[in-house]
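Beneath this line is the structure, given in C-alpha cells, with notes to follow.
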Amino acid sequence: MKVLQFTIPVAYDKTVIAEKVCQKHHYPYLHRHKEIQITWIRKGEGTLIAGNHMHDYTAGDMFFIGANMPHVFKSNPDYFLTSPDKEVEALTIFFNPEGGLTQLFDLPEMKQTLFFIQQHQQGFKFPAYLRGKISSAMVNLEQVSGIDRLIAFFDLLKLVVDIKTKLDPLSCGNLPVITDHEGIRIGTIYDYIIHHYGKELTLEDVAKIAFMTPESFCRYFKKHTGHTFVSFLNEVRINEACKKLVANRFETINTVAYKCGFKSITNFNRVFKLIIGITPKNYMDNYNQNILAFNVQAG
C-alpha cells in the first residue's frame, strides 16, 4: 500500500479498489485522482463540493465522481468537535478505465459502458430508488476477491449503465485545474468560509487566510474554482439555509436568513431565488408537499 497526497491507497494486486472508512470526519482537502469513484455515504452529513458546484449529502446518498474531478466531502462543522457520537462511515469503489482495466474497456462488449462513463465525467448523484441495489452490489464487491471481485464489478457496472432516468451533473463547464499544493490551499479557504459563513465575512478576511492581497486572491480563487468569492459565499449560505429550512426546528425564514449571514431578508430572498430558482417559502412548501406525498404512498 502506498499513500500519497491526491493518490488513493492502491493495492498493486487489484485493479478495482474498495475502501471503507469509519472516522470522525471525511478527508478535509479538495483533491482529485485518476480513478472514477462511486461513494456510498453510510453515516454522516455535510456538503459535497464537486468541480464548481456544491451539494448536500446525508446518510444513504450515493455519488458517481468522474476521473480527475476536484472534489471534497466537507463534513458538517459539528463533526470536527470532540463529541463521541459523531462519526462518518462511507464505502467507495475506485476504478480506472485507462489503467489496468484499459484492455477490458477496449472490448466491443464494453462500448456502451465506456460511452456512459465518458458522458458522465462531471459525475452525478444516484437516484434514490437505486440505492438498495447499488449498495448491495458495492458490499458484495468489497467482500470478495480475485475473479469474484471482477464479476461483482461487472454486476455493479451493469446497474450503473442501465440507469434510464435523467442524471443531473454534479458540476458544469470546464473543471478547474488543481495541483496538490493548490488543493490544500483552496481546501483551507473552503474550511474557513464554511465555518464562518454565519458571520460577517469580508474579502479581506479570507484573503488574509490565503496570505494574499484581496486583488490577488480574487484572481486566484476565480481561476481555480470558477467562482468569485461572493458567489461561492452566497452558495454556501444558501446551501446551509436550505438545510435549516427543512430541519423541522420551527425557525422562521427571517431567523434562518440572519443565522446564515444575511443582514436583510430582502437580500436573502433575492439570492435564494437566484441560486435555487424559487423563493424560500416555495422551497419549504414544495418540501412539505413531497414529504406528505411520500407518507401517503408509504401508508
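Convert by adding 23 to the 1-based position in the sequence shown; the result is the number in this note's numbering.
Don't be surprised by glycine CBs; every beta carbon is placed ideally from N, CA and C.
Note that the coordinates shown come from a computational prediction; the quantities given were computed from them, not determined experimentally.
Taking each of K266, S194, S239 and H204 in turn and checking the Cα distance to Y80, the smallest one comes out for K266. Under the DSSP assignment, Q46 falls in the beta strand (DSSP E) whose first and last residues are V39 to Q46.
By the neighbour-count definition (other C-beta atoms within 10 Å, threshold 16), D108 is an exposed residue. Take I232, set aside five residues on each side of it, and the residues of its chain with a beta-carbon closer than 7 Å to its own are T211, I212 and Y215, in chain order. Taking the CA atoms as reference points, I207 sits about 14 Å from Y243. Looking at the backbone, the Cα of A151 and that of D84 are separated by about 8 Å. Residue pairing by DSSP leaves T136 without any beta bridge partner. The beta-carbon separation of L164 and A175, rounded to 4 Å, stays under the 8 Å limit for a contact. Below 8 Å, enough C-beta pairs join the region 272-289 and the region 217-224 to call them touching: three or more. Just so you know, the alpha carbons of M77 and D129 end up roughly 33 Å apart. Counting along the chain, K109 sits inside no beta strand (DSSP E), nor does DSSP assign it H or E at all.
Residue pairing from DSSP places S98 in a beta bridge opposite G69. Here Y281 carries a helix assignment [DSSP, helix/strand/coil]. When secondary structure is reduced to three states using DSSP, F149 falls in the coil class, being assigned neither helix nor strand.
Per the coordinates, the alpha-carbon of G146 lies some 5 Å from the alpha-carbon of F87. Taken through DSSP and simplified to helix, strand or coil, D79 comes out as strand. Inclusion of V39 and L124 in the CB contact set at 9 Å is warranted, their separation being smaller than that value. The residues I88, T115 and F117, in chain order, have a CB closer than 6 Å to that of Q60 in the same chain once the five nearest residues on each side in sequence are set aside.
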